[in-house]
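Residue numbering for the sequence shown is 2 to 362, as defined by the working numbering. Every residue, glycine too, gets a C-beta built ideally from N, C-alpha and C.
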Amino acid sequence: MVASMADMNKHYDALALLSGGLDSILAIRTVMDQGLTVLGLHFVTPFFGKPELIPFWKEHYGIDAVEVDIRQHYVNMMLDGPSQGYGKWLNPCIDCKITMLSHAVKLLPEYEAKFLISGEVVGQRPMSQRADALNLITKRAHVRDVLLRPLSAKNLNPTPMEESGLVDRERLLDWSGRGRKPQYALAEQYGFTEIPTPGGGCCLTEASGAGRFVKLFMHRERPSATDFSLARAGRQYWAGTHWLTFGRTAEDNLQIESCIEPADYVFKVENFPGPLAVGRPVAGDWSTEAVHDAAALMASYSGKARKHFEATGEKIGVTVKRGTSFESVKIAPTRENVFEWAEPKPEIVKEWKKSQADSEA
Numbered sequence: 002m003v004a005s006m007a008d009m010n011k012h013y014d015a016l017a018l019l020s021g022g023l024d025s026i027l028a029i030r031t032v033m034d035q036g037l038t039v040l041g042l043h044f045v046t047p048f049f050g051k052p053e054l055i056p057f058w059k060e061h062y063g064i065d066a067v068e069v070d071i072r073q074h075y076v077n078m079m080l081d082g083p084s085q086g087y088g089k090w091l092n093p094c095i096d097c098k099i100t101m102l103s104h105a106v107k108l109l110p111e112y113e114a115k116f117l118i119s120g121e122v123v124g125q126r127p128m129s130q131r132a133d134a135l136n137l138i139t140k141r142a143h144v145r146d147v148l149l150r151p152l153s154a155k156n157l158n159p160t161p162m163e164e165s166g167l168v169d170r171e172r173l174l175d176w177s178g179r180g181r182k183p184q185y186a187l188a189e190q191y192g193f194t195e196i197p198t199p200g201g202g203c204c205l206t207e208a209s210g211a212g213r214f215v216k217l218f219m220h221r222e223r224p225s226a227t228d229f230s231l232a233r234a235g236r237q238y239w240a241g242t243h244w245l246t247f248g249r250t251a252e253d254n255l256q257i258e259s260c261i262e263p264a265d266y267v268f269k270v271e272n273f274p275g276p277l278a279v280g281r282p283v284a285g286d287w288s289t290e291a292v293h294d295a296a297a298l299m300a301s302y303s304g305k306a307r308k309h310f311e312a313t314g315e316k317i318g319v320t321v322k323r324g325t326s327f328e329s330v331k332i333a334p335t336r337e338n339v340f341e342w343a344e345p346k347p348e349i350v351k352e353w354k355k356s357q358a359d360s361e362a
């Protein structure tokens with residue numbers, strides 16, 4: 002765990018799951034209104050997490066927070082198969098919440114905290130916030146006696162924290178359903194000038210993101226957290242078991258660079274601005290033909306390199322680095338390739354899920 006904007010020696014009354022969405026912020030502030038101190042736990046995985054916003058949350062909402070890195074732990078949950086299955090795309094929403102709460106409860110002694118806070122609203126989300134799902138999450142995460150859901154507390158059984166008087170139940174809320182008017186009204190009451198989005202920005206709930214990750218399930222026996230981070234970046238192309246990632250923006254290039262491993266093929270156009278590209282072997286080393294074809298594809302996304310070739314017929318230099326070795330290859334930038342490079346389509350997610358279900362039947 003990496004601490005940010007919180008004194009590691011400071012003690013708190015409660016620890017809260019802080020996605021950065023409006024519900025999690027309001028749940029924390031509702032408890033803070035009772036004079037209790039709360040530390041937000043911002044969980045980071047390859048699929049969600051924006052720890053760079055921790056200073057913003059402190060400044061705008063008055064919330065202390067720390068980053069909690071559970072990348073590999075979360076990936077292991079995905080690879081082992083979520084016990085409660087997936088949502089519409091690749092989102093294991095119930096197991097996601099179980100995973101975070103199971104981790105959070107272990108942090109209580111570190112901060113001498115007495116209970117946990119979560120921002121669910123009964124009935125708001127069809128998979129993870131039904132009443133039966135909330136009960137299941139509480140049971141599986143072993144947090145029945147320490148978890149408070151302030152936004153729906155009056156629609157739920159009293160917790161030990163309320164029964165003991167540590168938390169005043171009358172000052173908690175009774176929200177339910179999918180409407181968000183109460184949230185916006187309370188945010189206005191607090192004087193929030195910037196209203197965060199309802200969710201935490203999990204790309205597993207998105208069609209395009211899910212398609213990228215299913216490719217890894219199909220071609221990697223046990224993808225790593227870094228594999229999933231790379232799959233989230235820039236453009237994604239596959240040709241059979243050949244996997245190529247390259248950036249669309251400078252930010253993409255930085256993310257891709259942070260994921261580079263020694264076995265990767267790293268491509269960079271010479272003498273012209275262009276994307277950084279990474280070819281990651283998933284089924285053995287690439288042939289020379291595959292390397293050159295990938296170089297031609299990525300170079301076609303360098304506008305100036307492509308125009309130079311079209312105007313002069315002069316092939317473009319691309320540096321290909323692998324570990325400590327590198328070579329310079331000359332290619333014609335093109336998207337009419339020998340290999341059938343294609344971006345993952347959302348349709349493969351449903352096909353993959355069906356194949357998984359059939360194999361378990």
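Once you ignore the five residues that flank residue i on each side, which residues in its own chain have a CB closer than 7 Å to its CB?
| i | result |
| --- | --- |
| A211 | W90, L91, L205, P347 and V350 |
| E195 | H61 |
| M6 | Unreliable placement is indicated for M6, whose pLDDT of 49 sits below 50; no coordinate value is reported for it. |
| E113 | H12 |
| A4 | Note on A4: pLDDT 47, under 50, position unreliable in the model; the coordinate value appears next. Closer than 7 Å at the Cβ level, and outside the excluded window around A4, lie V67. |
Closest to residue i by CA distance: which of the options is it?
| i | options | result |
| --- | --- | --- |
| A134 | D146, K98 and D359 | K98 |
| G36 | H309, R336, Y185 and R172 | R172 |
| W353 | P274, R213 and T46 | R213 |
| G180 | K51, V67 and R126 | R126 |
| R223 | M79, A295, G314 and A278 | M79 |
| V67 | K11, P93 and S129 | K11 |
| G22 | I95, F193 and T250 | F193 |
| L231 | A142, G285 and G248 | G248 |
| F268 | S329, D81, T250 and C94 | S329 |
| M128 | Y87, S225, G275 and L157 | Y87 |
| H220 | E111, D253 and G285 | G285 |
| G63 | N136, S84 and Y191 | Y191 |
| V32 | S119, E111, E53 and G82 | S119 |
| T320 | E111, A312, V39 and P276 | P276 |
| K51 | N338, P197, P345 and A358 | P197 |
Looking only at its chain, what residues have a beta carbon closer than 8 Å to the beta carbon of residue i, apart from the 5 residues adjacent to it on each side?
| i | result |
| --- | --- |
| A343 | Y238, W239 and A240 |
| L117 | A15, L16, A17, L18, L102, A105, V106, L109, V144, V147, L148 and L149 |
| K316 | F310, K331, I332 and A333 |
| K115 | D14, A15, L109, V147, M162 and L167 |
| W287 | H243, Y266, G280 and A295 |
| M2 | Interpretation of M2 is limited by its pLDDT of 46, a score under 50 that renders its predicted location unreliable; the figure taken from the coordinates is listed afterwards. If we look at M2 and ignore the five residues flanking it on each side, its Cβ neighbours are V67, E68, V69, D70 and L108. |
Taking 8 Å as the cut-off, decide whether the C-beta atoms of residue i and residue j are in contact.
| i | j | result |
| --- | --- | --- |
| V168 | L149 | yes |
| T297 | T325 | For clarity, residue 297 is Ala in the given sequence; the question names Thr instead. Their beta carbons are not under 8 Å apart, which means A297 does not touch T325 by this criterion. |
| F49 | C260 | no |
| A300 | F340 | no |
| E271 | G318 | yes |
| V69 | L42 | yes |
| S153 | D175 | yes |
| R170 | P159 | yes |
For my contact list, residue i and residue j are in at a C-beta cut-off of 8 Å; report their separation, rounded to the angstrom.
| i | j | result |
| --- | --- | --- |
| F273 | H309 | 7 Å |
| V279 | T246 | 5 Å |
| R323 | D265 | 7 Å |
| A226 | R72 | 4 Å |
Excluding five sequence neighbours on each side, which residues of the same chain lie with their C-beta closer than 6 Å to the C-beta of residue i?
| i | result |
| --- | --- |
| G178 | G124 |
| C94 | G88, M128 and S129 |
| Q256 | A234 |
| Q357 | none |
| Q85 | I95 and D96 |
Across the segment 73 to 88 and the segment 42 to 62, are there enough close Cβ pairs to call them in contact, namely three or more that are closer than 8 Å?
yes
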